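The structure appears below as structure tokens.
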Amino acid sequence: MSDPSSEQPTRVIDVFLRYLKAEGTRVVFGIPGGLLHPFFEAVEYSPDLRLVIPKHEEGGAFMADGYARVSRSLAVCAGTSGPGSTNLLTGVACAFADGVPMLVVTGQAASHSLGKGAAQETGREDIDIVQMFRPVTKYSAMVTSAGTMAGHLRRALRFALTGRPGPVHLNVPVDIWAQPLEEDWFDPKTYRSPSVAFDRGAV
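So the sequence shown is numbered by our numbering: it starts at -10 and just counts up by one.
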């Protein structure tokens, strides 16, 4: 008998976590909340990831900053929509100033309710969380459909880890995580900008 889990369609969250693991991420910092519950639940049950819950989202961002500096790898911090997202900003700004690679994930109201005044919606008609993060990140975007997730994630990781490192931000509606997605996988080497070695003979 085949493993029942192998018959389940690949979900957005499955592809997302696969990219994180490929980048060497082993710890996620954040406080679970309703509009980011699918993400936190998947992290909690992943055998390769550890969820660290701080007392406050701001502390989680600073913990991710410190983890990235010590481990020399991508750090991840997350917060639910509304104050859970805005509380991350100070720690993210410090990471941006110091060139620390960090992926920031924030929750959002369901995609079908955007623009309709849903509780804690942070879209263009209310508090635009994507725009708020742009001055302190190298990339900030909302994932508006399952099909665009992998592209946004690859772009964010490329910005975070190449050139001068820094934080990047993805805002994800709560219903996107569980949506089916055809395996959309690229080796990190294919979307990273290559480091250019110094050529003394060319000087």
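Beta carbons are placed, not taken as given, at the ideal position from N, Cα and C, and that holds for glycine. As the structure is a prediction and not an experimental result, all values here were calculated from the model.
Among the options, whose alpha-carbon lies nearest the alpha-carbon of residue i?
i	options	result
Phe5	Phe29, Thr75, Arg153 and Gly23	Phe29
Val94	Thr179, Val163 and Gly13	Val163
Leu38	Pro21, Val16, Pro177 and Lys178	Val16
Pro43	Glu12, Val132, Gly73 and Gly140	Gly73
Thr14	Ile20, Gly22, Pro21 and Pro36	Pro36
Would residue i pass as an interface residue toward chain B - the criterion being a Cβ-Cβ separation below 8 Å?
i	result
Thr14	Although the question refers to chain B, the structure presented lacks it and comprises just one protein chain.
State the Cα-Cα distance for the pair residue i and residue j, rounded to the nearest angstrom.
i	j	result
Leu170	Val89	31 Å
Tyr56	Ile2	23 Å
Ser129	Val161	11 Å
Glu46	Ala67	8 Å
Ser62	Ala99	31 Å
Leu78	Gly49	11 Å
Phe175	Tyr34	24 Å
Thr137	Tyr8	14 Å
Gly152	Asp117	28 Å
Ala82	Gly22	22 Å
Val59	Ala53	10 Å
Val125	Thr(-1)	33 Å
If I measure Cβ to Cβ from residue i and keep anything under 6 Å in the same chain, skipping five residues before and after, which residues do I get?
i	result
Gly155	Phe85, Gly88 and Lys127
Phe51	Gly80
Val32	Val17, Leu38 and Leu40
Val65	Thr14, Val17 and Leu92
Arg123	Ser129
For residue i, which residues in the same chain have their Cβ closer than 7 Å to its Cβ, ignoring the five residues on either side in sequence?
i	result
Asn76	His45, Glu46, Glu47 and Gly68
Ala145	Leu92, Tyr128, Val157 and Leu159
In chain order, what residues of the same chain lie with their CB nearer than 8 Å to the CB of residue i, ignoring the 5 residues before and after it?
i	result
Ala135	Val1, Ile165, Gln168, Pro169 and Leu170
Pro27	Ile2, Val163, Trp166 and Ala167
Ala149	Leu63, Pro90, Met91, Leu92, Lys127, Tyr128, Gly155, Pro156 and Val157
His141	Ala130, Val132 and Leu159
Ala11	Asp176 and Pro177
From the DSSP output, read off the bridge partner residues of residue i.
i	result
Val16	Arg39
Arg0	Pro169
Starting from the N-terminal side, write out each stretch of the beta strand (DSSP E) that is 3 residues or longer and does not extend beyond the region 89 to 172.
91 to 97, 128 to 131 and 156 to 162
Continuous beta strand (DSSP E) assignments of at least 3 residues falling wholly in the region 24 to 88:
39 to 41 and 64 to 68
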